[in-house]
Amino acid sequence: MRLKPRQVEAFRSVMMTGGITAAAEAMNVTQPAVSRLIRDLEEIVRITLFERVGARLVPTAEATQLFREVERLYLGLDQIAQAADDIRRHKNIVLRIGSVTSLVRPYLQQAIIDVIGNRLDIPLVIDVENSRHIWDMVEKNRYDLGFVFSSPRMTDKNAVLLHSAHAVAAMAPGHRLASRKVITPGDLLDERVLIPGRNSPLRLVLDRAFASADHPPASTMETSMLNCCHFAASGMGIGIVDYTSLRAAKANIVAIPFEPRIDVSYFAIRPSGGHRITILDDLVRRMSALMSSHAGPATRS
């Protein structure tokens, strides 16, 4: 025969209450039922657990030892129950977020301050990575939330559009092209063009734009869009970036619409089939509101 949970429960109840009557009341059963459960348990473990001393039921030394093991079991069950409650309430669970650099400051930083603030029950890990890495980590359920540029995978139903902007040509205020109304690939023949890395969706479209116009720039520098902004401000060249990156860089730059028009979109992505976490939904909504409220001239048609 195998131990039954009800037998162990009866034993624990008798040990804790000190008698059959109190144990029966605690378990909401009859006294004979408790006595039978104890007898069955003694037969299975082949140990005498209680002895009668007058009207009292006294646990044996073996019962005391067994009770220690039972208490460890119940402590473990309590811990499991607490963990389940924490999971249900998303409490004390580390939330892992990945973001592209352009969105960390000021958007993600402010959104986390606004939504999470002083909530000490929500541990966070925030990684700054490229979009491709973030996509992979989200698909593997290693990030609970990712903030990325648009990509061919944007058909995913768990991708939420945060904001779209047009690409611009960013340059120092004193640059010879700073007064132009629009910048085209042909205007950049004699310029060093600061372009985002090959993992950026903007770079893919930009390469096609230069190829189709048959106007390759004289020189290029490949780096992040934030770095493109800072190098452009220092006079190193003209960066092709988006307004979101410009705002994040906070550099002294003139931004002129770039043609052909290139849309740069940012998305929030979540693991497929993952349980919805309310605090992350709130974070996404706040990110979208912040980015929309700071929409700059690059969003104009």
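Using this note's numbering, you'd call the opening residue of the sequence shown number -15 and step up by one each time. Backbone N, C-alpha and C fix where the C-beta goes; we use that ideal spot for every residue, glycine too. Predicted model only: the values in this text are computed from it and were never measured.
On the CB-based measure, 16 or more other CB atoms within 10 Å of its CB, does Ser16 come out buried or exposed? First, the residue type needs correcting, since residue 16 is Pro and not Ser in the sequence shown. By the neighbour-count rule (16 or more Cβ atoms within 10 Å), Pro16 is not buried but exposed.
Using DSSP with H/G/I as helix, E/B as strand and the rest coil, what is Ser218? coil
In the DSSP assignment, the beta strand (DSSP E) including Arg176 goes from what residue to what residue? Arg176 to Pro180
Quick one: residues in its chain with C-beta nearer than 6 Å to the C-beta of Leu87, no 5 flanking neighbours on either side, listed in chain order? Phe131
Taking Phe242 as the reference, give the member of Lys165, Val29, Thr48 and Asn211 with the closest Cα. Lys165
Between Asp120 and Val(-8), what straight-line distance do the alpha-carbon atoms span, to the nearest angstrom? 47 Å
If you run the structure through DSSP and keep just helix, strand and coil, what is Thr262? helix
Cβ shell of Arg89 (< 8 Å), same chain only, five flanking positions each side left out: Ala232
Note the first and the last residue of the continuous beta strand (DSSP E) segment covering Ile237. First-last for Ile237: undefined, no H or E at that position.
From which residue to which residue does the alpha helix (DSSP H) around Tyr227 run? Tyr227 to Ala233
Buried or exposed: where does Ser249 fall if 16 or more other Cβ atoms within 10 Å of its Cβ makes it buried? buried
For Ile222, collect the residues of the same chain with a Cβ closer than 8 Å to its Cβ; drop the 5 residues on either side in sequence, then sort them by chain order. Ala153, Ala154, Met155, His159, Leu161, Ile167, Leu172, Glu175, Arg176, Val177, Leu178 and Ala216
For the beta strand (DSSP E) containing Leu92, name the first residue and the last one. Run containing Leu92: none; DSSP gives neither H nor E here.
Along the chain, where does the alpha helix (DSSP H) containing Ile28 start, and where does it finish? Gln15 to Val29
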